[in-house]
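Residue numbers (the numbering used here): 430 to 727.
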């Protein structure tokens, strides 16, 4: 009497391919067993059924001493039951081994678990991770400066189909000062796509402490003053008349590194309109001071 050593485990491996505009999947079940020690074994019979109450059907044979078989004639959503037998050189067949079974679950989508951006000097470092991927051709990285109109700035290749978490990174280099919005366009091999959530960052940390010329200049009654901070500091931005008297304090607080704009509408500290003439604006920050001249013409 032949006794087949235990059919002890199975491994499910999932692959994919595309059929036209529809998703078609080819998946496989790998059976692994301990081969018999008998020198008379010729081959092993692989039996399968999808109904535990029905008979097992021989689907293939494997020559001894091989001890693995890959069943590729399977579909997602179905449950499969397997047993194996050993057949000797005289045609005698053992009884069934123990039974193993598996259900092939539906294909997993591309599951984005994180998406973030941070600055490194003037570069935006985008990082994202996936828990699972199916049919993933890759990620198109898109950028916008208004949060509405996006353009492609790069592409990162995906990992096809996998249930292993993956990490990705993209560097958007040499940003000028401003706010940037980013999103990912995840693209399947068949052209289907979907967008991630949108994230934003204020890019282009200034390299130096600067005070820009107001605009417009001359002005009436409103003008805009811009300045840049390479690192955080307490900031005082003050308007003076030609006699050096304080007219209006526009800023008096701590601010992080970045570019800032503030408007002055030609009023003094009491809220009264000032007269035409020459005025100065001075900024104090980072243990330094800068000033410029402007003209109010009514």
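Note that CB positions come from ideal geometry on N, CA and C, so glycine has one too. All values derive from a computational prediction rather than experimental measurement.
Helix, strand or coil at residue i [DSSP, three-state]
i, result
"residue 718", "strand"
"residue 553", "strand"
"residue 638", "coil"
"residue 693", "strand"
"residue 525", "coil"
"residue 627", "coil"
"residue 571", "strand"
"residue 614", "strand"
"residue 530", "strand"
"residue 443", "Any reading at residue 443 must be qualified, since the residue scores a pLDDT of 28, below 50, and its modelled position is unreliable; no value is offered."
"residue 586", "strand"
"residue 602", "coil"
"residue 581", "strand"
"residue 544", "strand"
"residue 452", "Low confidence applies to residue 452: its pLDDT is 34, below 50, so where it sits in the model is not reliable enough to give any reading."
"residue 458", "strand"
Among the options, nearest to residue i - alpha-carbon criterion
i, options, result
"residue 515", "470, 698 and 562", "470"
"residue 621", "581, 565, 668 and 713", "565"
"residue 728", "563, 678 and 494", "Nothing in the structure corresponds to residue 728, since the chain is present only between 430 and 727."
"residue 599", "685, 639, 553 and 591", "553"
"residue 707", "692, 646, 541 and 584", "646"
"residue 523", "544, 503, 651 and 475", "475"
"residue 483", "511, 610 and 714", "511"
"residue 721", "666, 459 and 697", "666"
"residue 601", "593, 588, 589 and 584", "584"
C-alpha gap between residue i and residue j, whole angstroms
i, j, result
"residue 525", "residue 507", "22 Å"
"residue 568", "residue 634", "27 Å"
"residue 472", "residue 519", "11 Å"
"residue 654", "residue 709", "11 Å"
"residue 500", "residue 577", "49 Å"
"residue 464", "residue 488", "19 Å"
"residue 718", "residue 658", "12 Å"
"residue 649", "residue 690", "18 Å"
"residue 704", "residue 727", "8 Å"
"residue 724", "residue 608", "31 Å"
"residue 591", "residue 597", "14 Å"
"residue 605", "residue 675", "34 Å"
"residue 613", "residue 624", "6 Å"
Cβ separation of residue i and residue j, assumed to be a contact under 8 Å, to the nearest whole Å
i, j, result
"residue 595", "residue 559", "5 Å"
"residue 699", "residue 664", "So it is not a contact: roughly 23 Å between Cβ atoms."
"residue 656", "residue 640", "5 Å"
Exercise for the section: Please specify which runs of the beta strand (DSSP E), each continuous and at least 3 residues long, are wholly inside the region 639–710, giving them in chain order. Expected result: For the region 639–710, the full-length beta strand (DSSP E) segments reaching 3 residues or more read 652–658, 662–670, 675–684 and 687–693 along the chain.
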